[in-house]
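Visitor:
Residue numbers (full-length UniProt numbering): 1 to 215.
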């Protein structure tokens, strides 16, 4: 079954909120829980299945920027368990941020099993390793501490980084998505990113052609 990837709610202090975005009033529900904070990549949300893939919308149409991920996914799709989906970022085409040192044009951030439950982070990394999928860069992992988020935000170079995503390190069911993740997005990011599909495709750059997912 195909599943649209939900919209991750913004942290209360995220400056990149648009009119239709969901914003958490508090992060208190993360208190005492182990979380993983990763880089928020400026690409296209993509879901991979055993028998196909789609962008964030289940009925997404063909676009040339998806040709690379289509060919790459075909190499290992048969190894994805039936009913599972792998979610990540298609980074082939430049959006508003250009990357010049990517390990792969696809970076994974979650895996959902046949019960529509997100695997815990350690199991996610194990599965990524088995499938030769590069994970999104991890900024920090530990028991939730809002001061750490503010420190990571201060350290961001918003000319080169879109923001941060925080998720529970443990597993969680799909219906708990809205309380299991939160994002911080740089100011005015939506306005600078919204027209990329109508422009000429400019590929991002890989660090080396022999890296994972680069063939």
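Where is the CB? At the ideal position from N, CA and C, for every residue including glycine.
If you drop the 5 nearest sequence neighbours on each side, which residues of the same chain put their C-beta closer than 6 angstroms to that of residue 16?
Guide: Stepping through the chain shown from its first residue, residue 16 is reached at position 16. Excluding positions up to five away in sequence, the list reads 185, 186, 187, 189.
Visitor: Around the Cβ of residue 43, are there at least 16 other Cβ atoms within 10 angstroms (buried) or fewer (exposed)?
Guide: As a first step, residue 43 must be located in the chain shown, where it is residue number 43. By the neighbour-count rule (16 or more Cβ atoms within 10 Å), residue 43 is buried.
Visitor: Is there a C-beta anywhere in chain B that falls below 8 angstroms from the one on residue 31?
Guide: This model lacks chain B altogether; it includes just one protein chain.
Visitor: Can the beta-carbon of residue 22 be found less than 8 angstroms from the beta-carbon of residue 56?
Guide: Reading the chain shown from its first residue, position 22 is the one you call residue 22. Reading the chain shown from its first residue, position 56 is the one you call residue 56. For residue 22 and residue 56, no; Cβs fall outside 8 angstroms.
Visitor: Quick one: is residue 74 buried, meaning 16 or more other Cβ sit within 10 Å of its Cβ, or exposed?
Guide: In the chain shown, residue 74 corresponds to position 74, counting from 1. Exposed, since its Cβ has fewer than 16 Cβ neighbours within 10 Å.
Visitor: Distance, Cα to Cα, residue 70 vs residue 45?
Guide: To locate residue 70, count along the chain shown from 1; it is residue 70. To locate residue 45, count along the chain shown from 1; it is residue 45. Their Cα atoms are separated by approximately 14 angstroms.
Visitor: For residue 199, which of helix, strand or coil comes out of DSSP?
Guide: For this step, residue 199 is matched to residue 199 along the chain shown. DSSP places residue 199 in coil when its eight states are reduced to three.
Visitor: How far does the beta strand (DSSP E) with residue 168 in it extend, from its first residue to its last?
Guide: Counting from one through the chain shown, the residue named residue 168 turns up at place 168. Note, residue 168: beta strand (DSSP E), 163-168.
Visitor: CA-CA distance, residue 215 and residue 48?
Guide: Taking the first residue of the chain shown as 1, we reach residue 215 at position 215. Taking the first residue of the chain shown as 1, we reach residue 48 at position 48. Because residue 215 carries a pLDDT of 44, less than 50, the predicted location of this residue cannot be relied on, and the following value inherits that uncertainty. Taking the straight line joining both Cα atoms gives about 18 angstroms.
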